[in-house]
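J.:
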Amino acid sequence: MDQIKIVERKELVNKKFSEVLKNLKEIDSNYTTKPIEKSFNWNEIASGIKDIEGECRKSWRYWSDEFNQNRECLSMCIWASKDNAIEASKKPQHTAAKKLANMSNYEFYVLEKYVLKKKMNETEIKIIQIIQNASI
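Under the numbering used here, the first residue of the sequence shown is numbered -3, with each subsequent residue one higher.
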């Protein structure tokens, strides 16, 4: 496959992932403290992209919520690439999240990174943790 086709394929995968990730939602009311691979409807959205295969270390969506009764919350950024992450970091939602983190609203926070993998003709997204418990 030549370089142009590889780039076109990546763009198609990114576009399709972007579209289905608009439907990402929690499936466990305790999602703030549960593993993300069990707390969201990953496989449901994977069924909408059965015809593609791809991997991302960042992805395509921003997720944030309010503190629960124990002052815990979950914020999640999903981007397709480092370039997308840099661009997204300039958007209002990300700026607001950074302000919250910097305003000492948290006693601590944990940064985790994952790779999302989707294989052709499968209706499952595999979520592989690559950095765990980088507490700050």
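Cβ coordinates follow ideal geometry from the N, Cα and C atoms, glycine included. Here the structure is a predicted model, which is why all the values come from computation and not from measurement.
(1) DSSP puts Ile127 in a beta bridge; with which residues?
(2) How is Ser71 classed by DSSP in three states: helix, strand or coil?
(3) Return the CA-CA distance between Lys1 and Ile23, expressed in angstroms with no decimal places.
(4) Helix, strand or coil for Phe36? Go by DSSP, reduced to three states.
(5) According to DSSP, what are the bridge partners of Glu22?
(6) With burial defined as no fewer than 16 other Cβ atoms inside 10 Å of the residue's Cβ, what is the status of Asn19: buried or exposed?
(7) Have a look at Thr28 and Asp79 and give me their C-alpha separation to the nearest angstrom.
(8) Which of helix, strand or coil does DSSP assign to Lys115?
(9) May I ask you to verify whether the segment 112 to 122 touches the segment 42 to 51, counting CB pairs closer than 8 Å and requiring at least 3?
(10) Would you kindly work out how many angstroms separate the C-alpha atoms of Leu8 and Ile45, rounded to a whole number?
(11) Using CA atoms only, rank isn't needed, just tell me which of Trp75, Cys69 and Phe36 is closest to Ala93.
(12) If we ignore side chains and look at the alpha-carbon of each, how far apart do Tyr105 and Asp(-2) end up?
T.: Short version:
(1) Lys109
(2) strand
(3) 37 Å
(4) strand
(5) Phe36
(6) exposed
(7) 28 Å
(8) coil
(9) yes
(10) Whole-angstrom Cα-Cα distance: 11 Å.
(11) Cys69
(12) 43 Å
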